[in-house]
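1 is the number of the first residue of the sequence shown in this note's numbering; add one for each residue after it.
Reading through the structure tokens given below for one structure.
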Amino acid sequence: MRMMTFALAASMTMAPAALAGDGERCAKHGSQPAGIGVASPYAGEQERALKSLSDDEIKAFRSGAGMGLAKPAELNHYPGPKHAIELAGDLRLSEEQLAAARRAFDAMNEEATTIGQQIVVKEESLDRLFASGHANDDAVVAATLELGALHGRLRAAHLKAHIRMREIMTAEQIAAYDTLRGYTP
1 MRMMTFALAA
11 SMTMAPAALA
21 GDGERCAKHG
31 SQPAGIGVAS
41 PYAGEQERAL
51 KSLSDDEIKA
61 FRSGAGMGLA
71 KPAELNHYPG
81 PKHAIELAGD
91 LRLSEEQLAA
101 ARRAFDAMNE
111 EATTIGQQIV
121 VKEESLDRLF
131 ASGHANDDAV
141 VAATLELGAL
151 HGRLRAAHLK
161 AHIRMREIMT
171 AEQIAAYDTL
181 RGYTP
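Listed below in structure tokens is the structure:
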């Protein structure tokens, strides 16, 4: 009897720790064990003015920032104008090349800023739709298709700027760019 009492007491003291461990594991995989509440990674975001975007994301969209959208170009020997301008001395860009790089950056940034601001406005609209309690399939499909098209246009703006830079720079400068950016061993 004493052994049984000890086993029961031990299992009761260990159960919360074991369940907490399961809760952590489940939270990492997007599920929760029955009866255990695990905070969502979104906890606290319900207080944001725009639920779907962080302040940093809003700032990035509004400023035309790259946000990794041009990785297929960047990592396949299509330099980005911003970084080429920053590395102009090391790359030995001529004055003409530097001026062309600035034009490529300015054109991309103008287009990306305009589209990024449109994305923020559409995200605000989508957020209001759900906040109103009147979200429905048709409205959500329309809003997300618009957002998808805007995201595609934004990415294309960044990728096109990388194409311009490949036209502006020599093969040697591109190889140097890749080395300076850490893309070659």
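Note that beta-carbon positions come from the ideal geometry of N, C-alpha and C, so glycine has one too.
Every value quoted in this text rests on a predicted model; they were computed, and no experiment measured them.
Local conformation of residue i per DSSP, three classes
| i | result |
| --- | --- |
| Leu150 | helix |
| Val141 | helix |
| Thr184 | coil |
| Met67 | coil |
| Ala100 | helix |
| Asn136 | coil |
| Cys26 | The pLDDT assigned to Cys26 is 44, lower than 50, so where the model puts this residue is not dependable; a value taken from the coordinates is nonetheless given after this. Residue state, collapsed to three classes: helix. |
| Ser54 | coil |
Close beta carbons around residue i, own chain, < 6 Å, minus the five adjacent residues each side
| i | result |
| --- | --- |
| Leu87 | Leu180 |
| Leu53 | Glu123 |
| Thr113 | Gly64 |
Span separating the alpha-carbon of residue i from that of residue j
| i | j | result |
| --- | --- | --- |
| Ile85 | Gly37 | 50 Å |
| His83 | Ser132 | 43 Å |
| Tyr42 | Gly148 | 22 Å |
| Ala49 | Ala39 | 20 Å |
| His151 | Met169 | 28 Å |
| Lys71 | Ala156 | 12 Å |
| Leu93 | Ala73 | 20 Å |
| Arg194 | Asn109 | The question about residue 194 has no answer here: the residues shown for the chain are numbered 1 through 185. |
| Asp178 | Ala171 | 11 Å |
| Asp106 | Gly44 | 37 Å |
| Gln97 | Ser125 | 42 Å |
| Met165 | Gln117 | 25 Å |
| Gly66 | Glu111 | 12 Å |
| Ala135 | Lys51 | 15 Å |
| Val121 | Gly80 | 27 Å |
Proximal residues to residue i (C-beta, below 8 Å), its chain only, five neighbours per side dropped
| i | result |
| --- | --- |
| Leu75 | Tyr183 |
| Ile119 | Phe61, Leu147, Leu150, His151, Leu154 |
| Thr144 | Leu126 |
Contacts around residue i, its chain only, beta-carbon distance under 7 Å, and the 5 residues preceding and following it disregarded
| i | result |
| --- | --- |
| His77 | Ile174, Asp178 |
At least 3 beta-carbon pairs within less than 8 Å: the region 153 to 160 vs the region 52 to 60: no
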